[in-house]
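Student:
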Amino acid sequence: MTTGRVRIAFDRLSVSFPTARGRMLVVDDVSYAIHDREFVSVIGPSGCGKTTTMNIVAGFMQPSSGAVTLDGKPIAGPGPDRGVIFQEYGIFPWLTVKQNIAFGLTLGANRQGAAVREEVCQRYMRLMGLSDFADAWPRMLSGGMRQRLALARAYAVKPQFLLMDEPFGALDAQTRSAMQDLLLQVLAAEGKTVMLITHSVEEAIYLSNRIVVMTARPTRIREIIDVPFAYPRTDALHESKEFGELRSHVRDLVMQEYAVQAKQSENVSG
Amino acid sequence: MRRTALILAPWLLLLCAWYALHYSGLVNPALVPTPHEVAVRFVELMRDRLPLDILMSTRRVFVGVICGIVLAVPVGFVLGWYRTIRTFIDPVINFFRALPPIALIPLVIVYFGVDELAKTVILFYASFFAGVIVMYEGISQISPIYVRVARTLGATDFEIFRKVIVPMAVPHMLTALRVALGVAWATLVASELIAAQQGLGALIQNAGSFFQLDIIYVGIICIGFIALLMDLALRMATRRFVSWQERIV
Ligand SMILES: Nc1ncnc2c1ncn2[C@@H]1O[C@H](COP(=O)(O)OP(=O)(O)OP(=O)(O)O)[C@@H](O)[C@H]1O
Ligand SMILES: [Mg+2]
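Line order of the protein sequences matches chains A and B.
0 is the number of the first residue of the first sequence in numbering that gives the first Met the number 0; add one for each residue after it.
0 is the number of the first residue of the second sequence in numbering that gives the first Met the number 0; add one for each residue after it.
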């Protein structure tokens, strides 16, 4: 499903960080493209540089060399066209559930009147199952509810892109599976171009059009895998033979990269 | 009902212990006036100089703390937010904070005399350094994730300041105020002990030179209760302003 126009393009992207022992190359000459309304998952060993690449798309960092473009234009900084779901959610603790969702709509970039804000809040609270908690403080919410709130807050400003960094990593298996289905459901209603970082091979297959497998640091592209299953997808997909084959293929790649990483750190310490 | 009983219980216990000490014969009863003697003296003094003493003392504390906090909030804010500035300024702040304000009283008397200005200066000093540390420690703990989230939702620098940083700073501001109040109150009495005609410290000092133990007790108890009331009031304010927090302070 790589038919739509290119939205996010990584063009020979390299990133290095200054360290005590000189510059450390983290991302090494990565090129690929994410197309309109495509769901791309990025998977790879821990510490390889996945968050780093996403930070560049989000506009928090600049490439050391190469470029990342959005609709052909360079990225100047963070903006409401790209909704970011952080691993630690970043729910504002001093605002209620509803105020969190409305936050983006009170800013100059996307300001809406009270009536529209109310309507948007109601809509996403209903969609995310938060209606009963409109006026609750975030500290009263469970992990899954915080996750849904983060998603609702990002959706409220109508981003075209969704950048998610291990969004379901902290959830238990049942909640995680429910959140995956909810995400697919929401995306079916309001299509977005999605980049998702995950450590779960199953999650990557279940959700994505394509999976980008990254190598150990300095990270390069190991393989880009097309996921052939049509949407809407249901839980039963997990049981299919094709799913199983794809899973073992992706898992092998990831395990190999973990092995490379382990060897590297052995060499460093030895 | 139960709650009231629980709140009163420790006070009653203290009162009993006080009577017990007086009548036990462990100490010379003349050196420990009974609670009811102190109460009688309190009523007497309330018709005399005590209201003015209380007024003077509380007013000094308020002026000093307000001046101190008004400066401590922006300074603590800048130090908390800009790590590089903090690295250089932190030792200086800690140097001055480590000096007990009481030790500076003689110097302040030399420079500012013995009138109101001198006391205000001491209290300002005490509350500024107490407040600024709480403030910047608090601000520097604020997680940068909220700023990042706000940016991805389209916030400008000014919007981030007003809608993210200020709300997160409010609890630290209130804590700084509480700490400053405690420190200022302790310092005030010390400064009044040394040089003042009015105020609770002066009351105690005068009574001491005439060996009027009951008046000393009245003074001490007033100091304790006023500090307690101020703290309670601030805690109530805190609860109102930062109800989003689980526990306050
Ligand atoms: N600001 C920085 N300065 C120096 N080094 C950094 C910085 N940010 C990341 N790194 C290093 O770059 C490497 C990649 O980090 P990154 O967070 O992108 O990994 P990741 O693939 O997201 O890992 P994980 O799966 O564990 O989240 C790590 O070795 C990390 O220590
Ligand atoms: Mg990461």
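We put the CB at the ideal spot given by N, CA and C, even for glycine.
Out of A:259, A:107, A:208, which has the shortest C-alpha to C-alpha gap to residue 37 (chain A)?
Tutor: The candidate whose alpha carbon is nearest that of residue 37 (chain A) is A:208.
Student: Taking 6 Å as the cut-off, does the CB of residue 214 (chain A) come closer than this to any heavy atom belonging to ligand 3?
Tutor: No copy of ligand 3 appears in this structure; the ligands present are ligand 1 and ligand 2.
Student: Hey, could you find the ends of the alpha helix (DSSP H) residue 105 (chain B) is sitting in?
Tutor: Taken as a continuous stretch (DSSP letters only), the alpha helix (DSSP H) holding residue 105 (chain B) covers 100 to 111.
Student: Are three or more beta carbon pairs between the region 39 to 57 of chain A and the region 210 to 217 of chain A nearer than 8 Å?
Tutor: A contact exists between the region 39 to 57 of chain A and the region 210 to 217 of chain A.
Student: Quick one: using the 10 Å Cβ neighbour count with 16 as the cut-off for buried, is residue 134 (chain A) buried or exposed?
Tutor: Burial call: exposed.
Student: Let me see if you follow: with CB-CB separation under 7 Å, is residue 175 (chain B) close to chain A or not?
Tutor: Not an interface residue.
Student: To which residues of the same chain is residue 163 (chain B) closer than 8 Å at the C-beta, ignoring the five residues directly before and after it?
Tutor: Once the five neighbours on either side are set aside, the close Cβ partners of residue 163 (chain B) are 145, 146, 149, 154.
Student: Please name the residue in B:2, B:231, B:3, B:185 whose C-alpha comes closest to that of residue 102 (chain B).
Tutor: Checked all of B:2, B:231, B:3, B:185; the closest Cα to residue 102 (chain B) is B:185.
Student: Considering Cα atoms alone, identify which of A:184, A:146, A:22 is closest to residue 231 (chain A).
Tutor: Measuring from the Cα of residue 231 (chain A), the nearest candidate turns out to be A:184.
Student: Only counting runs of 4 or more residues, tell me where the alpha helix (DSSP H) segments fall wholly within the region 17 to 64 of chain B, in order along the chain.
Tutor: DSSP runs (the alpha helix (DSSP H)) wholly in the region 17 to 64 of chain B: 34 to 45.
Student: Contact criterion: CB-CB distance below 7 Å. Does residue 108 (chain A) meet it with respect to chain B?
Tutor: Yes, because at least one Cβ of chain B sits closer than 7 Å to the Cβ of residue 108 (chain A).
Student: Nearest chain B C-beta to residue 165 (chain A) closer than 7 Å, yes or no?
Tutor: Answer no: the Cβ-Cβ gap between residue 165 (chain A) and chain B never drops below 7 Å.
Student: Does the structure place the region 92 to 112 of chain B close enough to the region 160 to 178 of chain B that three or more beta carbon pairs sit under 8 Å?
Tutor: They do not touch, by the three-pair rule.
Student: Can you tell me where the beta strand (DSSP E) holding residue 66 (chain A) begins and where it ends?
Tutor: Note, residue 66 (chain A): beta strand (DSSP E), 64 to 69.
Student: Quick test of your reading: residue 109 (chain A) and residue 148 (chain A), contact by CB under 8 Å. State the CB separation rounded to the nearest angstrom.
Tutor: Incorrect: roughly 18 Å between the Cβ atoms, too far for contact.
Student: Ignoring anything shorter than 4 residues or poking outside the region 184 to 243 of chain A, list the alpha helix (DSSP H) runs there in chain order.
Tutor: For the region 184 to 243 of chain A, whole alpha helix (DSSP H) runs of length 4 or above, ordered along the chain, are 200 to 206.
Student: Roughly how many angstroms lie between the CA atoms of residue 121 (chain B) and residue 175 (chain B), to the nearest whole one?
Tutor: Their backbone Cα atoms lie some 17 Å apart in a straight line.
Student: Taking only beta-carbon positions, decide if residue 154 (chain B) is within less than 7 Å of chain A.
Tutor: Output row for residue 154 (chain B): interface = yes.
Student: Say the cut is 6 Å; is the CB of residue 52 (chain A) nearer than that to a heavy atom of ligand 2?
Tutor: Because no heavy atom of ligand 2 lies under 6 Å away, the Cβ of residue 52 (chain A) does not count as near it: no.
Student: For the alpha helix (DSSP H) that contains residue 239 (chain B), what are its first and last residues?
Tutor: That run of the alpha helix (DSSP H) goes 212 to 240.
Student: On the CB-based measure, 16 or more other CB atoms within 10 Å of its CB, does residue 25 (chain B) come out buried or exposed?
Tutor: Burial call: exposed.
Student: Considering residue 100 (chain A), what are the terminal residues of the beta strand (DSSP E) in which it resides?
Tutor: Residue 100 (chain A) -> not in any beta strand (DSSP E); alpha helix (DSSP H) instead, spanning 96 to 101.
Student: On the criterion of 16 or more Cβ atoms from any shown chain inside 10 Å, does residue 101 (chain A) qualify as buried, or is it exposed?
Tutor: Buried is the call here.
Student: Between residue 59 (chain B) and residue 77 (chain B), what straight-line distance do the alpha-carbon atoms span, to the nearest angstrom?
Tutor: Going from the Cα of residue 59 (chain B) to the Cα of residue 77 (chain B) covers about 28 Å.
Student: Output needed for residue 244 (chain B): all residues of its chain with C-beta closer than 7 Å, excluding positions within five of it in sequence on either side, in chain order.
Tutor: Excluding sequence neighbours, residue 244 (chain B) sits near 170.
Student: Rounded to whole angstroms, what is the Cα-Cα separation between residue 70 (chain A) and residue 6 (chain A)?
Tutor: The straight-line gap from Cα to Cα measures roughly 5 Å.
Student: Counting C-beta neighbours from all protein chains within 10 Å, is the total for residue 191 (chain B) 16 or more, i.e. buried, or is it exposed?
Tutor: The residue is buried, with at least 16 neighbouring Cβ atoms inside 10 Å.
Student: Relative to the alpha-carbon of residue 16 (chain A), which residue among A:122, A:223, A:155, A:63 has its alpha-carbon at the smallest distance?
Tutor: Comparing Cα positions, the closest option is A:63.
Student: Throw me the rounded Cβ distance for the residue 179 (chain A) and residue 202 (chain A) pair, which I believe falls under 8 Å.
Tutor: Right, their Cβ atoms sit about 6 Å apart.
Student: Please report the straight-line C-alpha distance between residue 97 (chain A) and residue 50 (chain B), rounded to a whole angstrom.
Tutor: Rounded to whole angstroms, residue 97 (chain A) to residue 50 (chain B) spans 50 Å at the Cα level.
Student: Starting from residue 30 (chain A), follow the beta strand (DSSP E) in both directions and report where the run begins and ends.
Tutor: Counting along the chain, the beta strand (DSSP E) containing residue 30 (chain A) begins and ends at 21 to 34.
Student: What are the boundary residues of the beta strand (DSSP E) that residue 163 (chain A) is part of?
Tutor: It spans 160 to 164 - the beta strand (DSSP E) in which residue 163 (chain A) sits, taken as one unbroken run.
Student: Rounded to whole angstroms, what's the CA-CA distance from residue 234 (chain B) to residue 43 (chain B)? Just pull it up for me.
Tutor: In a straight line, the C-alpha of residue 234 (chain B) is about 32 Å away from that of residue 43 (chain B).
Student: Measure the CB-CB distance between residue 145 (chain A) and residue 90 (chain A) and report whether it falls below 7 Å.
Tutor: Cβ atoms of residue 145 (chain A) and residue 90 (chain A): closer than 7 Å.
Student: By the criterion of Cβ-Cβ separation under 7 Å, what are the contact partners of residue 167 (chain B) in chain A?
Tutor: Near residue 167 (chain B) (Cβ distances below 7 Å), the residues of chain A are 93.
Student: Return the first residue and the last residue of the beta strand (DSSP E) that residue 12 (chain A) is part of.
Tutor: Residue 12 (chain A) -> beta strand (DSSP E) spans 5 to 18.
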